[in-house]
Amino acid sequence: MATGPGRKPLSYRTRKRLALAVLLLGLPLYIAVVWGIMGALGRPPIWLELLIYVALGFVWALPFKFLFRGIGQADPDNPGDQG
Numbered sequence: 104m105a106t107g108p109g110r111k112p113l114s115y116r117t118r119k120r121l122a123l124a125v126l127l128l129g130l131p132l133y134i135a136v137v138w139g140i141m142g143a144l145g146r147p148p149i150w151l152e153l154l155i156y157v158a159l160g161f162v163w164a165l166p167f168k169f170l171f172r173g174i175g176q177a178d179p180d181n182p183g184d185q186g
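Numbering-wise, our numbering puts 133 at position 30 of the sequence shown, and it's gapless, one number per residue.
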């Protein structure tokens, strides 16, 4: 994970908690916003609507890629942690 000068990387525990918050709070909010915008724009053809939703399904995770990387693994700082 790239960090700027004078910044230390987030700990595993912090990244795990932030990832959980993003999934439980951020993702439903993102879905509601996209759903509202798509509803306000009118209904495109079904193939285009499907393409838009699939693309946006991938786009939401891009800013959080660093956060989710390695979360499913055991804590590297605690050798006794099994997950």
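The beta-carbon is built from N, C-alpha and C at its ideal position, and this holds for glycine as well.
The region 106–168 contains no complete beta strand (DSSP E) run of 3 or more residues. Annotation: residue 115 to residue 157 spans about 30 Å, alpha carbon to alpha carbon. CA-CA distance, residue 178 to residue 172, rounds to 12 Å. Counting C-beta pairs with one atom in each stretch, the region 147–156 and the region 118–135 have fewer than three that are closer than 8 Å, which means they do not touch.
Taking the C-beta atoms as reference points, residue 136 is found no nearer than 8 Å to residue 170. At least 8 Å separates the beta-carbon of residue 120 from that of residue 174. Nearest to residue 134 by C-alpha distance, out of 122, 164, 181, is 164.
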